[in-house]
Every structure is written in C-alpha cells, then in structure tokens.
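Worksheet: one structure, shown below.
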Amino acid sequence: MSWRAVASRSSGRQDAIKIARGGGATHLISTLQQFGYGLVPASAAPEGTTVFAAARVAARQHGGDAIYALKLFSDSNEYWFAVIRGGQPSSIDRIIMSDNDMELIEAARQEIENGVEDNVAYTIFTNLEDHDLSDKARSLTAADLLLAATGEEDVLQPLPKKSGQIPTPVIAVVGVAVLVAFGNKGSSLYKEKERQRLARLSQSAEEPPEQAWARATKAWADAHRAADPQGLAAVRVSLGSVPLVWGGWDLQSATCNAAPPVVPQPGAAAQGDQRWGCAATYTRSQVGHLNREMKENIPAGWTVQYRGLDTIVASWNASQASQPFKYEALRSIETHMVETVSRLQRLQPAFGQVGDLTFVPVEITPPRKGDGTAVPMVPSVPQLRAATFTLKAPLRSVDALIDAGVEADWQQISMYFKRADGEKVDLKSSALTADIKAVIYANAR
C-alpha cells in the first residue's frame, strides 16, 4: 500500500481519489489523518470481496510505534514488512520475496536504527524464530491479523470508475501483495480461522450489551497507565546520570519514551513497572577518543551504535513503578482546570513553555455483535476526555514539576545540551534543557 497524510482540512475524498487514480490504484481507504491506495488484481479479489488493508488492521490493533516483520506462510518465500508511526501506517508497507529471513531482518534492523535517530522506540511484532531484533519482541502471525480484520474502518473501497477508463498498473504490486497473498495462499487458513471466529461470535451473540462493553472498557484500561505525579522520577534520575562529555565526545541530546503497557493475558495480573526506552546522541570533538577506546568504556546497561566517523548513539532502559489505570480514580475536567492548571501556573516562572490543557473526547473501540455491527453504547460506559500538553524548561526544573504533584500519563522527556558561552543566564535558561510530553485523562460526567 501507498500511504499519504491528508494535506489539509480542506482536502477531501475527491483529492484522495484523484491521487490514487494517478498512481494506477484500484482501491482506496481514507481517514481524517491519511489515506492509502493500491492495486488489487481482480483475480485476487473478485467483485464483492471484502479486502482489508493489513497495515490499518495492525495499526488499529496495537497503535503506537511498531514494526511488523512477518513470514506470511511457513511454506512460502513471501514476507510482510510494515512500520507504524504514532498509530498510523507509514509509507513503509511492502511484501519482500526472499529465500530466507535475512532480507526481512535487515529491513527491520535498518528501521530500528532510523527510529533511534528519531527518538522512536518501536515495539516489534514478528513470527520469525531467530531474529535478534529485540528480546521483548511480541509474537504475531498472518492468521492473527486475519482474525483482527473485522472493522469496516479497515476495508479498502473500490475506486469509482470513470467511463471507458482502465486503471493503469503503475503501482508496484509489492505493497498490495500482502492482500493478494492473504487472499490466495491464505484461503484455506482464513476459512478455518473464520470458522473459529464465527463460532466464538455465535456463542457471544446474545451477550448482554453491559457485559460486552465491560470487556471493551477493560481492554482500553489495560492498554493505559494510571496518572502518577512521580511518573518522571526514575527517568529524570536516569537522564541526570548521562555524561555530558564522554571520552571527548559531546552529548547533543537524549530522549526517553514511555513504552505502552503490555496487555495482560486473560486472568493474569496487570503489569507492574513502567518501562522507558532511552537513547542519547554524541558527536566527536577534535580530542574525542577513537571508537575502539570508546568501546572499552561503555557505561553499564548501555547499548552503543557507531555511525560514521563522528556520531555514537547509546540506548538503555529505565523503569518506574506504576499502577493500573482505573476509571473510578479519574478527576473531573473542572478539577483539572482549577487544581492541575494552578500547579502548572505556579511553575510558569521557571518554565520556558507550559502548554494549555484542552480536553477532547476519547473514543473506546466498541465491541461487535455476531453480525459485525457495533454493540450500542450503554450508560455505564465511562465518558473520557484527554488533554495532551507539552512543557519546556531547564532540566533542573523537572524536579519542581515532580514535586508539584501534577497527575499525568508522562509519555516522553527529551534533554538537550548546549554550552552557555556568554549567553544570558536566568531562571528559564540553562545549558541543559528538557522537553516533556504528557496526557491527562478526565471524567466528563
């Protein structure tokens, strides 16, 4: 599939159709944020066949930043590689034809390295056995994606045909081939999995709406963390221990991203500690040590990548005790607009920027009935609102933020080092600055 971001609010479906036609596409899928298009041969999907965009299914299921490296079928040489950024499919979504796993593994490694440069910590989903991509990779198969392909929002729609027009197959079939492979070689596999899925749906077809929504709201809660005023404490200590000069190499920046909670298996206890993935970039000065010498002096717990002559990227992990998300613990919007904002206002003199709190509705994915339609919402479903905000300040001011008791889901903290050569120094300036991103959830009732 080819994916593009929607250029502006004024861009509409007709603009997407025009671009898709220009690329020789036959099918299109669009959302408010982006649209995707590709060529689906008629032999793979006869008229009336429901065709799902695999990358959209994956993004909806898992969200966040993720890499998918799947061997489609055990007896084939077809692999699927896709990258999800910020819960949206990226331009990297293609089929790889290879006699072994190495090409897919190398593609994933390259994207992981690119993510380190962009301060992105990917979750890896794969069904390869010996890949060495991550010791925390999650198991996923093509069949799992097939089972998840149920939502109308993931369906590719045929482009409306112009009179006398024959689509020109300009787009490489590699991206859409994932759909072709799923449709052709996966036919028998899909039918069996679909039979099992329909059997489960049949059993739950008469499930009371309250029970169905209870499962859906629990699933959403399991994928989030409780707000914690101390949520930055451990990662702040971790960043504070990063050397500004290491073997003659100067720190440029360091970023820590909060990893999403691992959704527990049914009946299992919720995950304990919050995991952070951190990365720091160093550049070599004129007196910087050689890579050989740097390798002998790597701080404990660090993994190092050498990039060219003058750059080293170090990565490590930090952890912070956390609690499961609980709807009943949410404060009201008014409470946050008074109490939380008051805490932020008190910090303003020491912060370069304090973002406003603007709460917007949060949609919980509705459960589905046996016929695939959404279960009507029941009064007991929590009415959630979320406000995403950013903070910029000297690193030392993060300690004041932690002490202020701001209850938020802290998602990212970045540190930047710039020597203050003769610059004016005040409460809001420092050689070490920090950018912080967080989300505050509230009860709208």
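In numbering that gives the first Met the number 0, the protein residues as written are 0 to 444.
Virtual Cβ for every residue (Gly too), placed ideally from N, Cα, C.
Please read these numbers as outputs of a predicted model, since none were measured by experiment.
If we count the other Cβ atoms within 10 Å of its Cβ and call it buried at 16 or more, is residue i buried or exposed?
i, result
"R306", "exposed"
"R55", "buried"
"A226", "buried"
"A443", "exposed"
"V175", "Per-residue confidence for V175 stands at a pLDDT of 40, beneath the threshold of 50, marking its modelled position as unreliable; the derived number appears in the next sentence. Buried is the call here."
"P348", "exposed"
"D153", "buried"
"R137", "exposed"
"A24", "buried"
"L431", "buried"
"P88", "buried"
"P366", "buried"
"P378", "exposed"
"P393", "buried"
"M96", "exposed"
"E112", "exposed"
"G300", "exposed"
"S73", "exposed"
"D64", "buried"
For residue i and residue j, what's the separation of their Cα atoms in angstroms?
i, j, result
"V236", "P323", "23 Å"
"T216", "K70", "32 Å"
"V244", "A407", "32 Å"
"Q319", "L238", "13 Å"
"T125", "F358", "36 Å"
"I332", "H223", "19 Å"
"I66", "M101", "16 Å"
"K436", "Q210", "35 Å"
"A52", "H61", "15 Å"
"V361", "S284", "48 Å"
"I401", "V234", "11 Å"
"I439", "V241", "28 Å"
"Y281", "T310", "6 Å"
"E128", "Y121", "18 Å"
"L231", "L343", "16 Å"
"H26", "L139", "26 Å"
"S314", "W275", "11 Å"
"A15", "A399", "48 Å"
"K325", "I412", "24 Å"
"S29", "D143", "23 Å"
"I83", "R214", "26 Å"
"G21", "Q13", "12 Å"
"R59", "A148", "10 Å"
"V405", "M336", "12 Å"
Which first and last residues belong to the alpha helix (DSSP H) in which residue i is found?
i, result
"M293", "290-294"
"E112", "101-116"
"A142", "141-147"
"R306", "Taken as a continuous stretch (DSSP letters only), R306 belongs to no alpha helix (DSSP H), being part of the beta strand (DSSP E) at 302-306."
"P208", "208-221"
"L356", "Here L356 belongs to no alpha helix (DSSP H), and DSSP marks it neither H nor E."
"A54", "53-61"
"A399", "396-403"
"S73", "Looking at the DSSP string, S73 is not in any alpha helix (DSSP H), and its letter there is neither H nor E."
"V241", "Run containing V241: none; DSSP gives neither H nor E here."
"R345", "340-346"
Which partner residues of residue i appear in the DSSP bridge assignment?
i, result
"S318", "R274"
"P228", "For P228, which the question treats as bridged, DSSP gives no partner whatsoever."
"I28", "G35"
"P326", "Just to set this straight, residue 326 is Tyr in the shown sequence, not Pro. Partner(s): none; Y326 has no beta bridge."
"A68", "F80, T125"
"T280", "S252, V312"
"D92", "A81"
"R235", "Beta-bridge pairing links R235 to no other residue."
"S331", "N442"
"R20", "Per DSSP, none; premise fails for R20."
"Q87", "R84"
"S138", "T125"
"A373", "R367"
"V337", "According to DSSP, V337 bridges with nothing at all."
Since residue i contacts residue j with CB under 8 Å, what's their CB separation in whole angstroms?
i, j, result
"G354", "L390", "7 Å"
"M376", "W219", "Between W219 and M376 the Cβ distance is about 13 Å, and since that is not below 8 Å, they are no contact."
"N256", "N118", "7 Å"
"A106", "L132", "Their Cβ separation, rounded to whole angstroms, is 10 Å, which puts A106 and L132 out of contact at 8 Å."
"S429", "R395", "7 Å"
Please decide whether residue i counts as near chain D, where near means a Cβ-Cβ distance under 7 Å.
i, result
"I94", "Chain labels in this structure do not include chain D; a single protein chain is all it has."
Where do the N-terminal and C-terminal ends of the beta strand (DSSP E) with residue i fall, by residue?
i, result
"S413", "408-416"
"Q251", "248-257"
"I457", "For the chain, the structure presents residues 0 to 444; residue 457 sits outside this window and is missing."
"V474", "The displayed coordinates of the chain run from 0 to 444. Any statement about residue 474 would go beyond what the structure contains."
"V154", "154-157"
"R384", "383-393"
Would the beta-carbon of residue i be found less than 6 Å away from any heavy atom of the ligand ADP?
i, result
"R330", "Ligands are entirely absent from the displayed structure, and the ligand ADP is therefore not among its contents."
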